[in-house]
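According to our numbering, the sequence shown is numbered sequentially starting from 11. Note that beta-carbon positions come from the ideal geometry of N, C-alpha and C, so glycine has one too. No experiment lies behind these values; they were computed from the predicted model shown.
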Amino acid sequence: MDVKIRLEREEDFKETEILTRESFWDVYRPGCVEHFLVHKLRADSSFVKELDFVAIHNNRVVGNIMFSRAKIIDEQKNEYEVLTLAPVSVLPEFQRKGIGSKLILHGIAQAKKMNFKAIILFGSPEYYHRFGFVNAEKYNIKTSDGQNFDAFMVLELCKGSLKGVEGRYFESPVFKIDKQELDEFEKEFPYKEKHITPTQLSHE
Ligand SMILES: CC(C)(COP(=O)(O)OP(=O)(O)OC[C@H]1O[C@@H](n2cnc3c(N)ncnc32)[C@H](O)[C@@H]1OP(=O)(O)O)[C@@H](O)C(=O)NCCC(=O)NCCS
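This is the structure:
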């Protein structure tokens, strides 16, 4: 399948939000918040626009990946900059064709070129281990509230780039979605019914 990866452009914005909504709809909760996150991220100071990629097939946006700046803060209050990978999405009818992998590998390569130390994400270990992500516990990195779990993963972008880096991980406040704002934003899209699905239970 002919799929090209390029930077997202302003004229792609709405299409990317629609694809994000389609990809995440009912997967982790009834409906989704990620299309609003994409919209808010672009205007956030943490957003790395050089790492905002879309996958194009037949002039159509079929996938997207975004990164933002985040911090690890240790007990001495030293701060280390890392990247958050989120969201990544591929239109349902284009999933399992390697497009997600292509976007993630491209994002990793470009982030490396930009000299970022590491990428952090919350996701399925089964999926992300194949790209080298490991449980953040390996680097003594915990969530902002001091937790560790399998879905909390890190990828060191250069061997040793996380040497001496440990502490708690703080993503941009943009990830906190206000329900009322989301409901307002949702009105810009065609109505879609929300459902409770088995995938939501397995991600609880
Ligand atoms: C996750 C996602 C971006 C992957 O994109 P994709 O183009 O389907 O992925 P690829 O074709 O590169 O890889 C497919 C493989 O990943 C696996 N995979 C995809 N999503 C997975 C998930 N959530 N959990 C576990 N495995 C997953 C598939 O089973 C498949 O495995 P196989 O190659 O062994 O058959 C896409 O499925 C998607 O948009 N999902 C909904 C949104 C989402 O969950 N985003 C990620 C949030 S962390």
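Buried versus exposed call for residue i [16 or more other C-beta atoms within 10 Å across all chains shown]
| i | result |
| --- | --- |
| Asn74 | buried |
| Glu203 | exposed |
| Asp62 | buried |
| Tyr201 | exposed |
| Phe46 | buried |
| Pro40 | exposed |
Inter-residue Cα distance where the pair is residue i and residue j
| i | j | result |
| --- | --- | --- |
| Val71 | Val48 | 14 Å |
| His205 | Leu95 | 26 Å |
| Cys42 | Lys24 | 16 Å |
Residue i: first and last residue of the uninterrupted beta strand (DSSP E) it sits in
| i | result |
| --- | --- |
| Ile129 | Ala128 to Phe132 |
| Tyr179 | Gly177 to Phe180 |
| Lys14 | Lys14 to Leu17 |
| Leu165 | Phe162 to Glu166 |
Within 8 Å, strictly: CB atoms of residue i and residue j
| i | j | result |
| --- | --- | --- |
| Val144 | Met163 | yes |
| Asp54 | Ser182 | yes |
| Leu165 | Phe126 | no |
Segment limits, alpha helix (DSSP H) that includes residue i
| i | result |
| --- | --- |
| Arg79 | Unbroken run through Arg79 is the beta strand (DSSP E), Arg70 to Ile83; no alpha helix (DSSP H). |
| Lys122 | Ile109 to Lys123 |
Helix, strand or coil at residue i [DSSP, three-state]
| i | result |
| --- | --- |
| His205 | coil |
| Ala53 | coil |
| Tyr38 | coil |
| Thr26 | helix |
| Ala96 | strand |
| Leu172 | coil |
Ligand 3 heavy atom lying under 7 Å from the CB of residue i
| i | result |
| --- | --- |
| Ser154 | In the structure on display, ligand 3 does not appear, and the ligands it does have are ligand 1. |
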